[in-house]
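A.B. asks:
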Amino acid sequence: MTLNLTPPEVSSEACTFSLDASRFKPKPEKKVSEAADYAIIGFDTEYVTPESPLSRDDVREGRAKYRVLSYQFHCLLPSGDAWSGITIPPDGERISMGELIVFALGSRPAAAAGTSLLPRSIYLVGHYTKADLPAFCDFDSIKKIASAVRSSFVSTDASFDFAISTVSGDLELSVLLRDTFLLAPAGSQSLASLGEILGIPKVVLRDDPAEEHRIKSRMDLLRSNEWPLFRRYAIQDAVICAEYAQRIIRLCEQHLGKTRLPVTLTSIGVDLLMKKWSDDSRDAEAILGRETVKEKRWKKRLGRYQSENREVAQVNYALYETLATEAYHGGRNEQYWFGPAFVDDWTDYDLSSAYATGMSLIGTPDWSKFKHTLAVDDFGIRTLGYALVDFEFPDSVRFPSLPVRTDNGLVFPSKGQSFCAAPEIALARSLGAELTIKHGVVIDSDGREPVFASYITHCITERRKHAKKSLDDLFWKELSNSTYGKTAQGLREKRVYDSRAMDMAPLPPSKITNPYFAAYITSFVRAVIGEILNALPDRVCVFSCTTDGFLTNATKTDIDAAIRGPAASAFNQTRELLTGEPSVLEIKHQVRCPLGWRTRGQATLVEGSVDRPTNIVLAKGGLRLDDKFTTDELRNAEIVRMFFDRKPDDKLTFESLTGIRDIIEFDADLVRKEVTRRVNMEYDWKRRPDILFDHHEYKHCAFSTNPWDTVDQFVAVRELFERYLDSDPHCIKSVGDFDSLSVYVDASMQLSEQERSYLRKRSGDLKRLRMMLCSGWHSRAFGLRDNPHVKSAQQFADTLTACGVKCSRANVENGSKQHFTSNSAPPTDGVLAAIGKLQQLFPDLSPEALCTTHIPVASIKPRRRPYATLRTRGDTYYEGVTIPGVGRLEPTLQSNAEIKRIFEQSRDFTDPSPSSGWLSRQDYGLDD
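Position in the sequence shown (from 1) plus 407 gives the number in the numbering used here.
1. Does the beta carbon of K551 sit closer than 7 Å to a beta carbon anywhere in chain B?
2. Would you report the Cα separation of L636 and F1128, rounded to the nearest angstrom?
3. What three-state label does DSSP hand C948 in the structure shown?
4. Which runs of the alpha helix (DSSP H) spanning at least 4 residues fall entirely within the stretch 1180–1222, listed in chain order?
5. Identify whether E419 lies in helix, strand or coil by the three-state DSSP scheme.
6. Just the Cα atoms here: how many angstroms apart are A593 and S674?
7. Is T754 helix, strand or coil by DSSP?
8. Can you name the start and end residues of the alpha helix (DSSP H) that I867 belongs to?
9. What are the residues that DSSP puts in a beta bridge with Q1161?
10. From the DSSP output, in three-state form, read off V574 for me.
11. Can you tell me whether I970 is helix, strand or coil according to DSSP?
12. Quick check for students: name the residue ranges of the beta strand (DSSP E) that lie wholly in the stretch 1072–1142, counting only runs of 3 or more.
13. Closer than 6 Å by C-beta to E869: which residues in its own chain qualify, once you throw out the five before and the five after it? Chain order, please.
14. Would you kindly work out how many angstroms separate the C-alpha atoms of R946 and A720, rounded to a whole number?
15. Tell me the rounded alpha-carbon separation between T986 and Y724.
16. Would you say A926 and A828 are within 7 Å of each other, going by their C-beta atoms?
17. Contact defined as beta carbons within less than 8 Å: I believe K550 pairs with I1071. What is the distance between those atoms, to the nearest angstrom?
18. So what does DSSP say about I655, is it helix, strand or coil?
19. Which whole runs of the alpha helix (DSSP H) in the stretch 538–567 are 4 residues long or more, in chain order?
20. How many angstroms separate the CA atom of V677 from the CA atom of G765?
21. Using DSSP with H/G/I as helix, E/B as strand and the rest coil, what is Y735?
22. How close, in whole Å, do the beta carbons of F819 and S808 come, if the pair is a contact with beta carbons under 8 Å?
23. Can you give me the C-alpha to C-alpha distance between G1028 and E1089, rounded to a whole angstrom?
24. Thinking just about the alpha-carbon of each residue, which of T864, R708, E698, S803 is nearest to the one in L768?
25. For E633, which of helix, strand or coil comes out of DSSP?
26. At what residues does the alpha helix (DSSP H) containing V466 begin and finish?
27. Locate the alpha helix (DSSP H) running through H620, then write down its first and last residues.
28. Grouping DSSP H, G and I as helix and E and B as strand, with all else coil, what is Q1009?
29. Could you spell out where the alpha helix (DSSP H) holding S930 opens and where it closes?
30. How about V849 and K963: do their beta carbons lie closer than 7 Å?
31. Just the C-alpha distance for F749 and F1050, rounded to the nearest angstrom, thanks.
32. With DSSP as the reference, label V509 as helix, strand or coil.
33. Straight-line CA distance for L402 to L589?
34. Pick from W634, S1063, D955, A1109: whose alpha carbon is nearest that of V1082?
35. Buried or exposed: where does R1280 fall if 16 or more other Cβ atoms within 10 Å of its Cβ makes it buried?
36. Using 8 Å as the cut-off, can you tell me whether the stretch 1140–1149 makes contact with the stretch 1100–1112, which would need three or more C-beta pairs spanning the two stretches below that distance?
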């Protein structure tokens, strides 16, 4: 096999490579994954992509291709022998995976080749292999063996076996594909980060980052003009891959006693946990609620039955597994404030190693001792208990603690029914909730023998032996923090792309999947968060909650008092046992004024006075920004701009990379493609709006929230909101925009499903009343033709308009085509106000005769809103609101100080003074 070693524009250096079977060790008896003899081949490619991002059609039509510039490798043996190389394919051509392996092994220096034999077991290691693997000309065959794991190609259940003819006989090589991206700690997954950890930095092409980015987009020019720099840069990437793989293998040897390179870092954690149990003389099967049974299976090949061992769940475990699985939920994620907040000292807190701490509380369960119980007292903070619960929290509870699952994530209403675990039941009871256990079970457990505590302590102890940010430090941190996820793997059907089947497939359970453990751990974390939030004074604003943290303007004194409850105390005590230091919360960010719009959607309006990057809170809520926004400051500024400047038809166009599915199904390489997504920065309605105002500084509406009474209210409002935007999309940016939506929701809620489908999105309530009155005028209903001053259609139209129902002569005349039906207008504020004025001219009219009697499920009318001046209704109805018996109210802008002052008042606070700027709904004569 002859390959070019330099680009043609530099020289014509080429070399022939071959392998000799006699220079390899005998074929190993063990599987390659456990072989002590192996060679690591770190590999990488350089390529140049099309100048412009490709369209979706380009990708689907097979035009998503890059031009391969080079293949490079770094070969590493356990003995420490190492060598590197690079080859340049002819323009437009590619080499195969087998050819790269022959090139790498055949390049071994002659001096080293005479001293030792090469292993037949190979780890072929890349970084982000979906970029480099398509560069092989035999990728179509490779993808039938490789598996897609988290957007990377690796070997999972099959190796690549190569049979190579050599001068001294046939040679069989077994190759396992690995990706260092999957073996990297969280937050250090770039190749540059791995290089820094190893002390082998990537080669810098230019000191100016912008210039370096430009050069990387045209590596073909660098290859032509600066070949030595190109070669050094390219090979260094392969060196980092090989050296990092070797470090991970050594960690496995040291701590697991196995010479292997696993697929993912988290799989090491599972194996280490199982080994720790074994070292502690613990029975893993018994801990996990499993047992081994013998089963007879018919073996057609043998012509008889044969006994086989099979692992199954213990009886009680299996009986209540569904209940435990239903009680398993994810993190608590809610946005408590929509729009710009007020200026204050806002702090973003996280629980310290939340899930690792929750794991450590679980005592060894006795799966033979399940207790059926309906007694609330049986469910404590440390109890392994699971139940279906009917609940109702007092109105004073701002953050109800029992989760209810919906199609749009978890919701925490004030009353309803919840599948939940013991920690949250205990918290709900302490908050004064009325609880009825419909079905409950508690498992005996021995807290003196925790299931996971020794493993977590081991990880912490090992981590402390090493310098911060070193590989060992990050390795042990990742293992302690990520193992929890393996207890929940496969419980909720998560579908992943199966590259070999070219279809979506469910993610299978892990070796330690256990719904009882997963449900308890997540329930405990939510309980600690819920306890702290509810212990904060009412004057404190909680801006948002994200899984194991929250953003608030609480003072240190407020926080210190809030972490004294039983759940937080259990957390604190466990942290002390694990680390020797008690701790509950860590400060992650500090800002002066946040902006929020939905779950996991927050930005910063006024930065904190602390050092970067902790002075900015930024969670983009699923929005993807262009790569030109290279810093948190730039990304935050762009997100803020997008929020305030957003329009209903906004779309976000950005560059992305072709995905695994594109690569598999459309024979694509990893190239840039253009993606367009609709921008959604509206509220997600997981809570009910409470105090509404227009913000003076930012000219945008905002509102605080309260919990929904029931999950049905959330579902109904969310459905109506989506319907409202479907045919007439617009953004909620002012009090008037909110009023428009509020009127539509209130009107819809008071109509039947059939009547609701014909309701107009804008002024639908008044248009429904107008249609009803115009048809009634022709039917002479309710004395509408008895007023001697209202005889003609034009006069009737003018009368309706004067009373707040905009009407034309044509509207009145068209009423003759409509069948008059009483009780068909929704009793909204605007409708009731209009009827009140019309009664002065038509005494027989009444709300009881005109309005529907349908009981609404929910309302989104705010509890308080700005004081405003009175004026007659005009064409700008949706810039304000009309209140029955009061008149037309136009909103006034509120300052930061006013917003904060009103928020900090009690729920029954009223402030009728016009100079104060705020009124309650009671002041308007409305019932809550």
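Glycine included, each C-beta is placed from N, C-alpha and C at the ideal position. Quantities reported herein were computed from a predicted structural model and do not represent experimental measurements.
C.D. replies: This is what the structure gives:
1. Looking at the structure shown, chain B is missing, and only one protein chain is on hand.
2. Here residue 636 corresponds to residue number 229 of the sequence shown, with the count starting at 1. Here residue 1128 corresponds to residue number 721 of the sequence shown, with the count starting at 1. If you take the alpha carbons of L636 and F1128, they lie about 57 Å apart.
3. For the purposes of this step, residue 948 is taken as the residue at position 541 of the sequence shown. Looking at C948 - three-state DSSP - the assignment turns out to be coil, as it is neither helix nor strand.
4. Within the stretch 1180–1222, the runs of alpha helix (DSSP H) at least 4 residues long that lie entirely inside it are, in chain order, 1200–1209, 1216–1221.
5. What you label residue 419 is simply residue 12 of the sequence shown in a count that begins at 1. For clarity, residue 419 is Ser in the given sequence; the question names Glu instead. Look at S419 here: in three-state DSSP terms it is coil, with no helix or strand label.
6. In the sequence shown, counting from the first residue as 1, residue 593 sits at position 186. In the sequence shown, counting from the first residue as 1, residue 674 sits at position 267. Approximately 14 Å between the Cα atoms of the pair.
7. Residue mapping note: residue 754 aligns to position 347 of the sequence shown, counting from 1. Strand.
8. The residue labelled residue 867 in the question sits at position 460 within the sequence shown. 860–870 is the span of the alpha helix (DSSP H), which, as asked, contains I867.
9. For the purposes of this step, residue 1161 is taken as residue 754 along the sequence shown, with counting starting at 1. For Q1161, which the question treats as bridged, DSSP gives no partner whatsoever.
10. Residue mapping note: residue 574 aligns to position 167 of the sequence shown, counting from 1. Assignment of V574 by DSSP, reduced to helix, strand and coil, places it in the coil class.
11. On the sequence shown, residue 970 is found 563 positions in, with the first residue counted as 1. Three-state result, I970: coil.
12. Unbroken beta strand (DSSP E) stretches of 3 residues or longer found wholly inside the stretch 1072–1142: 1079–1085, 1095–1102, 1107–1113, given in chain order.
13. As a first step, residue 869 is located in the sequence shown; it is residue number 462 there, counting from the start. Taken in chain order, the residues that qualify are W883.
14. Within the sequence shown, numbered from 1, the residue matching residue 946 stands at position 539. Within the sequence shown, numbered from 1, the residue matching residue 720 stands at position 313. About 50 Å.
15. For the purposes of this step, residue 986 is taken as residue 579 along the sequence shown, with counting starting at 1. For the purposes of this step, residue 724 is taken as residue 317 along the sequence shown, with counting starting at 1. Annotation: T986 to Y724 spans about 32 Å, alpha carbon to alpha carbon.
16. On the sequence shown, residue 926 is found 519 positions in, with the first residue counted as 1. On the sequence shown, residue 828 is found 421 positions in, with the first residue counted as 1. Taking 7 Å as the Cβ cut-off, A926 and A828 qualify as a contacting pair.
17. One-based indexing of the sequence shown puts residue 550 at position 143. One-based indexing of the sequence shown puts residue 1071 at position 664. With 8 Å as the limit, K550 and I1071 qualify as a contact, their Cβ atoms being about 6 Å apart.
18. To locate residue 655, count along the sequence shown from 1; it is residue 248. I655: helix per DSSP, three-state reduction.
19. As far as the stretch 538–567 is concerned, its whole alpha helix (DSSP H) runs of at least 4 residues are 546–549.
20. As a first step, residue 677 must be located in the sequence shown, where it is residue number 270. As a first step, residue 765 must be located in the sequence shown, where it is residue number 358. Cα to Cα, the separation comes out at about 17 Å.
21. Along the sequence shown, read from residue 1 onward, the residue named residue 735 stands at position 328. In the three-state DSSP reduction, Y735 falls in the coil class, being neither helix nor strand.
22. Within the sequence shown, numbered from 1, the residue matching residue 819 stands at position 412. Within the sequence shown, numbered from 1, the residue matching residue 808 stands at position 401. Between the beta-carbon of F819 and that of S808 there is about 7 Å, and that keeps the pair under the 8 Å contact cut.
23. Reading the sequence shown from its first residue, position 621 is the one you call residue 1028. Reading the sequence shown from its first residue, position 682 is the one you call residue 1089. Annotation: G1028 to E1089 spans about 11 Å, alpha carbon to alpha carbon.
24. The sequence position of residue 768 within the sequence shown is 361, counting from 1. The candidate whose alpha carbon is nearest that of L768 is T864.
25. Translated into the one-based positions of the sequence shown, residue 633 becomes position 226. Coil, per DSSP.
26. Against the sequence shown, residue 466 aligns to sequence position 59. First-last of the alpha helix (DSSP H) with V466: 463–467.
27. As a first step, residue 620 is located in the sequence shown; it is residue number 213 there, counting from the start. That run of the alpha helix (DSSP H) goes 616–623.
28. In the sequence shown, residue 1009 corresponds to position 602, counting from 1. Judged by DSSP in its simplified three-state form, Q1009 adopts strand.
29. Here residue 930 is taken as the residue at index 523 of the sequence shown, counted from 1. Taken as a continuous stretch (DSSP letters only), the alpha helix (DSSP H) holding S930 covers 922–942.
30. Here residue 849 refers to the residue found at position 442 of the sequence shown. Here residue 963 refers to the residue found at position 556 of the sequence shown. No, the pair does not count as a contact, with Cβ atoms beyond the cut-off.
31. The count along the sequence shown starts at 1 and reaches residue 749 at position 342. The count along the sequence shown starts at 1 and reaches residue 1050 at position 643. Distance between the alpha carbons of F749 and F1050 is about 17 Å.
32. Here residue 509 is taken as the residue at index 102 of the sequence shown, counted from 1. Note: V509 maps to helix in three-state DSSP.
33. Because the chain here runs from 408 to 1335, residue 402 falls outside it and cannot be looked at.
34. Within the sequence shown, residue 1082 is the residue found at index 675, counting from 1. The shortest Cα separation from V1082 among W634, S1063, D955, A1109 belongs to S1063.
35. Here residue 1280 corresponds to residue number 873 of the sequence shown, with the count starting at 1. For R1280, the predicted structure reports a pLDDT of 38, less than 50, and the residue's modelled location is therefore unreliable. A value from the coordinates is still provided. Buried: at least 16 other Cβ atoms inside 10 Å.
36. Three or more Cβ pairs closer than 8 Å define a contact, and the stretch 1140–1149 meets that threshold against the stretch 1100–1112.
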